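Novice:
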Amino acid sequence: MAKINSNYQKLQAGYLFPEIGKRVRAYVAEHPDKKVIRLGIGDVVLPLPAPILDAMRAAVEEMGKVETFKGYGPEQGYDFLLNPISAHFKSQGAEVAPDEIFVSDGSKCDTANIQEIFDVDNVIAVTDPVYPVYVDTNVMAGRTTEAAGGRYGKLVYMPTTAENGFDPELPKVKTDIIYLCSPNNPTGAVMSRASLEKWVKYAKANEAIILFDAAYEAFITEPGLVRSIYEIPGAREVAIEFRSLSKTAGFTGTRCAYTVVPKDLKARNAAGDFASVHALWNRRQTTKFNGVSYPIQKAAAAIFTPEGAKAVKANVDYYMENARIIREGLKSADYTVYGGVNAPYIWLKTPQGMSSWDFFDNLLSQVQVVGTPGSGFGSCGEGYFRLSAFGIRENVIEAVERIRTRLK
Ligand code: PLP
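First residue of the sequence shown: 1, per the working numbering; consecutive thereafter.
If you want it as C-alpha cells, here you go:
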C-alpha cells in the first residue's frame, strides 16, 4: 500500500495569502463600487525593461534557426551568464568564481531544496517572523515535530522585533543550519556588518552553515551596508548565498535566480570526515534540474550590461521612492514604521496594540487598502503589519493619503 510522507500532515494550512484573498473577495463582493488598493503580496508591477526584452527576443529568434538553436544547456547555467554574475560579486567586494554559481528558476525553489543535501538530524534555526518557505520545507523533510501555538517543535526560533533592532541574537542552544535573510522579508531590516561577522564566527565555531537569502540585495540604498555575505572574511567556508532576479529585475513571472555554493564550504559526513557541499549541490542539481531556458538566461545576462543595469536600477529606484512615500506618509500620521529604506517592505507597528488581523480588517473596511498581517510570518510578527512598495505610484500615493486622512 502506498503511504504518504506524513510530515506533510504536520504543515499548518497555507493560511496567510488565501485568507487575505478570501477577506478581500468578500469585501469586494459587498462593495463593488469601492477601489481596493493592494499593497499586500510582494509582486512587481513594472514591465521588463527594453534592454532585457531585446536580449530575450534575440535569443528567441536564435531558437528558430538550425545554426543557432540550443537544446539542453549546462544544468548550472551558461558561461555568458555565470561570468558577469561572478564579476558583479567582485564589484561588490565578494570573491565568487563562476563555477561556484548555480543558475536556477527561482530562489523559492533553491531555498526550499537546499535542505535536501543536509542530514535530517541537523538543528535548524530561523528568525521569527520569517519567510515561510524555510520553515515549511524543513517540516516536509521531517526535521520538526508537530506545531503547537504556531511554532514547530525542534526548530529554533530567533525573535527579530523592534526590541532587538530586528537583529537575530545568537541561539542559546547549538544549531547546525541557520537561515538569515537580509534585507529582510518581511521586516525590511538589513543586518549590519558587525552582526554578520558575529554570525560567521558563530558558524565557524559550531561547524554550522548559514543559508543567506539576499533576494532583496539590489534594494539596499545606504552606502557601506553588506550586500553579499562573502564580503565577510571567512564566510566562504560557512555560507551559501541565494540571489534572485525576481524583484531586482522584474523576473517574478520570467523566473531566474542564482545560488552560490563556495568550494571552500564543507560539512561532515556520517563517518565524521569533511565532504564538499558544492559537490553535493552539483549532484543534486544535475540529477533533478535541467537548467534555465536559453532565452531567459540571455535576458538575465542583459541585466549585467551597462544599459541593462541602468534600466533595472531605474525600476528599483521607482519602488524605493514608493517605499519612501509610504514610510514618510505613515510617520507623519504618527505610525511607528521600520524598513522601507534598504528594502521594498515597510513594517509598521499596529496602533494601540491592535492585533495584526484587526488592523488588516480596519484598513480594508475603512480605506480599502490591503496589506499583510505580520502575525502571518510568525508569532513575533503579531502586532506588526507589512506594506509592500511594489505598486503603481499613483495607487501608492492614494493609499497613503487614505490612511493618513481617513483611517480611524
Ligand atoms: N526569498 C525571499 C526572502 C522572498 O521574499 C522571495 C519572494 O518573495 C523569494 C526568496 C523567492 O523569490 P523567487 O521569485 O526567486 O522564487
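Every residue, glycine too, gets a C-beta built ideally from N, C-alpha and C.
Bear in mind that the values here come from a model prediction, so they are computed numbers and not experimental data.
(1) Taking C-alpha atoms, which residue in Val130, Thr175, Thr221 lies nearest to Asn184?
(2) Looking only at its own chain, which residues have a Cβ that is under 6 angstroms from the Cβ of Gln12, when we skip the five neighbours before and after it?
(3) Could you check whether Arg406 and Gln352 sit closer than 8 angstroms to each other, using their CB atoms as the reference points?
(4) Got a sec, what are the start and stop residues for the alpha helix (DSSP H) Tyr318 sits in?
(5) Any heavy atom of the ligand PLP inside 7 angstroms of the beta-carbon of Ser228?
(6) How is Thr248 classed by DSSP in three states: helix, strand or coil?
(7) In three-state terms, what does DSSP make of Lys288?
(8) Between Ile37 and Phe17, how many whole angstroms is the CB-CB distance? I'm expecting something under 8 angstroms.
(9) Just the Cα atoms here: how many angstroms apart are Val400 and Gly224?
(10) State buried or exposed for Asn290, treating a residue as buried only when at least 16 other CB atoms are found within 10 Å of its CB.
(11) In the DSSP output, what is Asp213 paired with across the bridge?
(12) For Glu217, which residues of its own chain have a beta-carbon under 8 angstroms away from its beta-carbon, when the five flanking residues on both sides are left out?
(13) Could you tell me which uninterrupted beta strand (DSSP E) segments, each at least 3 residues in length, are contained entirely in the region 127-185, listed from first to last along the chain?
(14) Kindly give me the distance between the Cβ atoms of Lys298 and Met56, rounded to whole angstroms, as I take these residues to be in contact under 8 angstroms.
(15) Taking the alpha carbon of Leu280 as the reference point, which residue from Gln115, Leu170, Glu67, Leu348 has its own alpha carbon closest?
(16) Straight-line CA distance for Pro344 to Ile303?
(17) Check for me: the beta strand (DSSP E) holding Ala267 runs from which residue to which?
(18) Using CA atoms only, rank isn't needed, just tell me which of Pro186, Tyr27, Glu19, Leu48 is closest to Ala311.
(19) Within 10 angstroms of its Cβ, does Asn269 collect 16 or more other Cβ (buried), or is it exposed?
(20) My guess is that Phe212 and Leu180 are in contact by the Cβ rule of under 8 angstroms, so how many angstroms apart are they, rounded?
(21) Run the proximity test for Tyr131: is its beta-carbon closer than 7 angstroms to any non-hydrogen atom belonging to the ligand PLP?
(22) Are the beta-carbon atoms of Val396 and Ile326 separated by less than 8 angstroms?
(23) At a threshold of 7 angstroms, does Thr252 count as lining the ligand PLP (C-beta to nearest heavy atom)?
(24) Provide the residue(s) that pair with Val260 in DSSP beta bridges, ordered along the chain.
(25) Here's a check: name, in chain order, each residue in its chain whose Cβ is nearer than 8 angstroms to the Cβ of Ser107, leaving out the five neighbours to either side.
(26) Starting from Phe385 and walking both ways along the beta strand (DSSP E), at which residues does that stretch end?
(27) Who are the near neighbours of Trp357 in its chain, counting only those whose CB is closer than 8 angstroms to its CB and skipping five residues on each side?
(28) Give me whichever residues DSSP pairs with Gly339 in a beta bridge.
Specialist: This is what the structure gives:
(1) Val130
(2) Ala147
(3) no
(4) 306-332
(5) no
(6) helix
(7) helix
(8) Not really, about 17 angstroms apart at Cβ, beyond 8 angstroms.
(9) 30 angstroms
(10) exposed
(11) Cys181, Phe242
(12) Pro183, Arg227, Ser228, Arg243, Thr248
(13) 156-159, 177-181
(14) 6 angstroms
(15) Gln115
(16) 19 angstroms
(17) 266-268
(18) Leu48
(19) exposed
(20) 5 angstroms
(21) yes
(22) yes
(23) yes
(24) Ile101, Glu241
(25) Asp213, Ala215, Phe242, Arg243, Ser244, Ser246, Ala257, Thr259
(26) 384-388
(27) Pro373, Ser375
(28) Ile346
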